[in-house]
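Student:
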Amino acid sequence: CSPSTRVNILADIEAWVGPPNPFNPDIESGYWISGMAGTGKSTIAMSVCQKLKEKGVLAGSFFCSRQIPECRDYKLIILTLSCQLAESSRAFADALNTALSQRLNLATKKPAEQVKYLLIEPWKKVS
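Going left to right, the sequence shown walks through residues 1 to 127 as UniProt numbering numbers them.
Below, the structure is given as structure tokens:
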């Protein structure tokens, strides 16, 4: 994408990431970036993650890529994010450790089960 388009999109995302507004329940909980291959989606996503990391508010990220074998295996997305969340939050790490000790072989389970036990359940315990 062109530099001016990228600036506008980054500003839009930065506004979306801003502090939560309890008076506006219409704020989206997710931000979807879509477009044809080679249009700058990954560049934008990496720029956003870098800014959030610099601000100390990025707990985790995962980028899919056909060129990098580790980044094209969907089975690694949930595992990677849960590990990154555990690294950024001691409370999440403790809750994740409990989940792992209660359910063996979560790494080989279906994605829905991984999301439940490696992300949702530990997050519920710390929030």
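The beta-carbon is built from N, C-alpha and C at its ideal position, and this holds for glycine as well.
1. Expressed to the nearest angstrom, what Euclidean distance is found between the alpha-carbon atoms of phenylalanine 62 and glycine 18?
2. What is the DSSP secondary structure of methionine 36, counted as helix, strand or coil?
3. Got a sec? Which residues, its chain only, sit under 7 Å from valine 126 by beta carbon, not counting five neighbours each side?
4. For isoleucine 13, I'd like the list of residues in its chain whose CB is within less than 7 Å of its CB, leaving aside the five on either flank, ordered along the chain.
5. If I measure Cβ to Cβ from alanine 59 and keep anything under 8 Å in the same chain, skipping five residues before and after, which residues do I get?
6. Straight-line CA distance for arginine 103 to valine 57?
7. Quick check on the burial criterion: 16 or more other C-beta atoms within 10 angstroms. Buried or exposed for serine 82?
8. Taking the straight line between their C-alpha atoms, what separation do you get for cysteine 71 and lysine 41?
9. Please work out which residues of its chain come closer than 8 Å, Cβ to Cβ, to serine 65, disregarding the five sequence neighbours upstream and downstream, and give them in chain order.
10. Alpha carbon to alpha carbon, what distance is there between isoleucine 9 and tryptophan 16?
Tutor: Walking through what the data contain:
1. About 21 Å.
2. Methionine 36: coil per DSSP, three-state reduction.
3. Excluding its 5 nearest sequence neighbours in each direction, valine 126 has C-beta neighbours in its own chain below 7 Å: Ser89, Ala91, Phe92 and Ala95, listed in chain order.
4. Spatial neighbours of isoleucine 13 in its own chain (CB-CB distance under 7 Å, excluding positions within 5 residues in sequence) are listed in chain order as Tyr31 and Val48.
5. Shown here for alanine 59: same chain residues with a beta carbon closer than 8 Å to its own, the five before and five after excluded, namely Gln84, Leu85, Ser88 and Ser89 in chain order.
6. Here the C-alpha atom of arginine 103 lies approximately 30 Å from the C-alpha atom of valine 57.
7. Here serine 82 is buried. Its C-beta has 16 or more other C-beta atoms within 10 Å.
8. Those two C-alpha atoms are separated by around 15 Å.
9. Residues Ser42, Cys71 and Arg72 of the same chain have their beta carbon placed closer than 8 Å to that of serine 65, with the five preceding and five following residues left out of the count.
10. Cα atoms of tryptophan 16 and isoleucine 9: separation of roughly 11 Å, rounded to the nearest angstrom.
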